[in-house]
Amino acid sequence: MKKLFAVLALISFCLLGSVTYAAPNPDPGTLKVALLPDENASTVIKNNKPLEMYLEKALGKKIELIVTTDYSSMIEGMRFGRIDLAYFGPLSYVLAKQKSKIEPFAAMQQKGTTTYQSVLIVNKAAGINNITDIKKKAVAWGDKASTSSHLIPKSMLADKGLFAGKDYKEHFVGAHDAVAMAVQNGHAQAGGLSKPIFKSLVQSGLIDLNKVKVLVESKPFPQYPWTMRSNLKPELKVKIRAAFLDLKDPNVLKPFKADGFGPATDKDYDVVRDLGSLLKLDFSKF
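Counted the way mature numbering (1 follows the signal peptide of the UniProt record, and there is no 0) counts, the sequence shown spans residues -22 to -1, 1 to 264.
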């Protein structure tokens, strides 16, 4: 009897293993499309309904929009094949690429370019007029795996000899809008986030330029990439790439604050990897 139970247990284990580690479907009927958790999940999904409808028509498949709790869970979802397409930030893409068989195929395009900038913002009452004034202050970042709300602005401080823990206190508040609000409310004296997101927060009235100012802008960096599982069916990959590169509908592009998507390759993000090396970041801890 004990031998029988042992055999049954072994069979159950093998079956469970086959389910857990089965290769994802190369041509799924429903494509799971992950969007960045930069803002409230329900808002992100609502704003991207036009994208869902566009892709269903262009690809002839059902589309399920997903917003994970944070960047890490988005990376893990891609790693285990629970996500088919994902819109990553540059750093989160680099981290995901280390763990997953994925490939970038398009990057957000604004005013004809597939680059963007980060900004360091400060509370006007904090008396900060240059980067060195941030010493001994509290600085807010978004997600640890965020490029424009962590990696880029942190490198800007490092260029001036300021390092987290030693020269200033850092706090991770999750999202770009949370960074801006933390600075405006005085919970942090400085913070870093995407320039396009900051501009939209000002335009919407959430951020008051009487209370917050841009201290400095970063140099241009490669834009957020759209990625897909490398093991998708080749014909499907061609259709996906074409759907994004041919996209011109302003209603679909509005949530991305983009005028289109341009081609992207893995090599474009070597500059992000170089930044990580400069800051001596241990990517395995993200």
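Ideal Cβ positions, reconstructed from N, Cα and C, are used throughout, including at glycine.
Is it right to say residue 166 is buried, meaning 16 or more other beta carbons lie within 10 angstroms of its own, or is it exposed? As a first step, residue 166 is located in the sequence shown; it is residue number 188 there, counting from the start. Answer is buried; the Cβ neighbour count reaches 16.
Rounded straight-line distance, which links the Cα of residue 139 to that of residue -11: For the purposes of this step, residue -11 is taken as the residue at position 12 of the sequence shown. For the purposes of this step, residue 139 is taken as the residue at position 161 of the sequence shown. The predicted position of residue -11 is uncertain, since its pLDDT is 41 and thus under 50; a value taken from the coordinates is nonetheless stated next. Each residue's alpha carbon lies about 57 Å from the other.
With H, G and I counted as helix, E and B as strand and the rest as coil, what does DSSP make of residue 20? Numbered from 1 along the sequence shown, position 42 holds the residue referred to as residue 20. If DSSP states are grouped into helix, strand and coil, residue 20 belongs with the helices.
DSSP three-state label for residue 165, please. Working through the sequence shown from its first residue, we reach residue 165 at position 187. Three-state DSSP puts residue 165 in coil, outside helix and strand.
Can you give me the C-alpha to C-alpha distance between residue 104 and residue 110, rounded to a whole angstrom? Against the sequence shown, residue 104 aligns to sequence position 126. Against the sequence shown, residue 110 aligns to sequence position 132. The alpha-carbon atoms of residue 104 and residue 110 are separated by roughly 13 Å.
Residue ranges of each alpha helix (DSSP H) run of no fewer than 4 residues wholly in the segment 48 to 96, ordered along the chain? 49 to 57, 68 to 77
Could you please give the first and the last residue of the uninterrupted beta strand (DSSP E) stretch that includes residue 12? By 1-based counting over the sequence shown, the position of residue 12 is 34. From DSSP, the beta strand (DSSP E) with residue 12 extends over 8 to 13.
What does the alpha-carbon distance come out to for the pair residue -2 and residue 222? As a working note, residue -2 is residue 21 in the sequence shown. As a working note, residue 222 is residue 244 in the sequence shown. Residue confidence for residue -2 is low, a pLDDT of 47 falling below 50, so the modelled location carries little weight; the figure read from the coordinates is stated next. Straight-line Cα distance between these residues: approximately 30 Å.
Relative to the alpha-carbon of residue 100, which residue among 115, 88, 2, 91 has its alpha-carbon at the smallest distance? Here residue 100 is taken as the residue at index 122 of the sequence shown, counted from 1. Out of 115, 88, 2, 91, 115 has the C-alpha closest to the C-alpha of residue 100.
Relative to the alpha-carbon of residue 241, which residue among 106, 154, 205 has its alpha-carbon at the smallest distance? As a position in the sequence shown, residue 241 is number 263, starting the count at 1. Out of 106, 154, 205, 205 has the C-alpha closest to the C-alpha of residue 241.
Determine the DSSP secondary structure at residue 254, reduced to helix, strand or coil. Numbered from its first residue, the sequence shown carries residue 254 at position 276. Residue 254 falls in the helix class under three-state DSSP.
If I follow the unbroken alpha helix (DSSP H) through residue 230, where does it start and stop? Locating residue 230 in the sequence shown gives position 252, where the first residue counts as 1. Residue 230 -> alpha helix (DSSP H) spans 228 to 231.
Check whether the segment 76 to 87 touches the segment 182 to 199, taking contact to mean three or more Cβ pairs, one atom from each stretch, closer than 8 Å. no
Spell out the partners DSSP gives residue 191 in its beta bridges. By one-based count along the sequence shown, residue 191 stands at place 213. The partner list for residue 191 (beta bridge, DSSP) reads 100.
In the DSSP assignment, the alpha helix (DSSP H) including residue 29 goes from what residue to what residue? Locating residue 29 in the sequence shown gives position 51, counting from the first residue. Its alpha helix (DSSP H) spans residues 27 to 37.
Looking at chain D, is there any beta carbon in it that lies within less than 9 Å of the beta carbon of residue 1? Among the chains in the structure shown there is no chain D, since it carries only a single protein chain.
Kindly confirm or deny that the segment 60 to 73 and the segment 123 to 133 touch, where touching means at least three C-beta pairs closer than 8 Å. yes
Does DSSP put residue 243 in a helix, in a strand, or in coil? In the sequence shown, the residue the question calls residue 243 occupies position 265. Three-state result, residue 243: coil.
Same chain only: Cβ atoms within 8 Å of residue 237, ignoring 5 sequence neighbours per side: As a working mapping, residue 237 is identified with position 259 in the sequence shown. Here the set comprises 87, 88, 89, 90, 231.
Please report the residue range of the beta strand (DSSP E) in which residue 118 lies. Here residue 118 is taken as the residue at index 140 of the sequence shown, counted from 1. Its beta strand (DSSP E) spans residues 116 to 119.
Using 8 Å as the cut-off, can you tell me whether the segment 50 to 68 makes contact with the segment 202 to 217, which would need three or more C-beta pairs spanning the two stretches below that distance? yes
Near residue 252, what residues of its chain come up, given a Cβ to Cβ distance below 7 Å and the 5 sequence neighbours on each side ignored? Locating residue 252 in the sequence shown gives position 274, counting from the first residue. Around residue 252: no qualifying Cβ.
Any contact between the segment 23 to 30 and the segment 174 to 181? By contact I mean 3 or more CB pairs, one from each, below 8 Å. no
Taking the alpha-carbon positions, what's the residue 131 to residue 180 distance? The residue given as residue 131 occupies position 153 in the sequence shown. The residue given as residue 180 occupies position 202 in the sequence shown. Straight-line spacing of the CA atoms in residue 131 and residue 180 works out to 19 Å.
Residue 16 burial status per 10 Å Cβ neighbour count (16 or more: buried): For the purposes of this step, residue 16 is taken as the residue at position 38 of the sequence shown. Label assigned to residue 16: buried.
Beta-carbon spacing of residue 170, residue 134 below 9 Å: Sequence index remark: in the sequence shown, residue 170 carries index 192 (1-based). Sequence index remark: in the sequence shown, residue 134 carries index 156 (1-based). Against a cut-off of 9 Å, the Cβ pair of residue 134 and residue 170 comes out as a contact.
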